[in-house]
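Undergrad:
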Amino acid sequence: MKRTIFALPAALAALTLAAAPAAAQSRNCAPRDTVVKRLAEKYGESRQSIGMGQQGMVMETFASDETGSWTITVTTPNGMTCLVASGQSYEVLAEALPNTDSDV
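So the sequence shown is numbered by our numbering: it starts at 362 and just counts up by one.
#1: So within the region 390-417, which uninterrupted beta strand (DSSP E) runs reach at least 3 residues, ignoring any that extend past its ends?
#2: Excluding the 5 residues preceding and the 5 following Gln449 in the sequence, name in chain order all residues of the same chain whose CB lies nearer than 7 Å to its CB.
#3: On the premise that Ser447 lies in contact with Thr432, defined as a C-beta separation below 8 Å, what is that separation, rounded to the nearest angstrom?
#4: Looking at the strands, I want to know which residues DSSP matches up with Gly448.
#5: If I'm right that Glu406 touches Ala391 with Cβ under 8 Å, what's the distance once you round it to whole angstroms?
#6: Terminal residues of the continuous beta strand (DSSP E) containing Thr422?
#7: Between the Cα of Gly412 and those of Val435, Arg393, Ala457, spot the shortest distance and give me the residue it belongs to.
#8: What's the C-alpha gap between Gly414 and Glu402?
#9: For Glu421 versus Arg408, is the C-beta spacing smaller than 8 Å?
#10: Find the nearest neighbour of Asn389 within the set Leu400, Val445, Thr437, Tyr451, judged by alpha-carbon distance.
#11: Within 10 angstroms of the Cβ of Leu458, are there 16 or more other Cβ atoms? Answer buried if so, exposed if not.
This is the structure in structure tokens:
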């Protein structure tokens, strides 16, 4: 699969981080080292992007170049990582910013 820069829309990131406190209560959470190891061993996924959220939460996207599987996680300040979303057909994108000239 070709490699370029991945851009995650801000709206998705905001939605993901807003859902994290509820997800922290579910079975989809474990210590970060455990989650990262499982994503690598079972799905061949490695970290593709990272972002800081409110209240010290960290959002990460993991994906496999070979299978196209992807997973979005949120890690809380106490080190618990929760699975927020996952799917198939991951593709890295490099998109130019829109023209912001007021003369256009």
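Where is the CB? At the ideal position from N, CA and C, for every residue including glycine.
TA: Reading off the structure:
#1: 390-392, 407-413
#2: Gly429, Ser430
#3: 4 Å
#4: Trp431
#5: At roughly 15 Å, the Cβ-Cβ gap does not stay under 8 Å, so Glu406 and Ala391 are not in contact.
#6: 419-424
#7: Val435
#8: 27 Å
#9: yes
#10: Val445
#11: exposed
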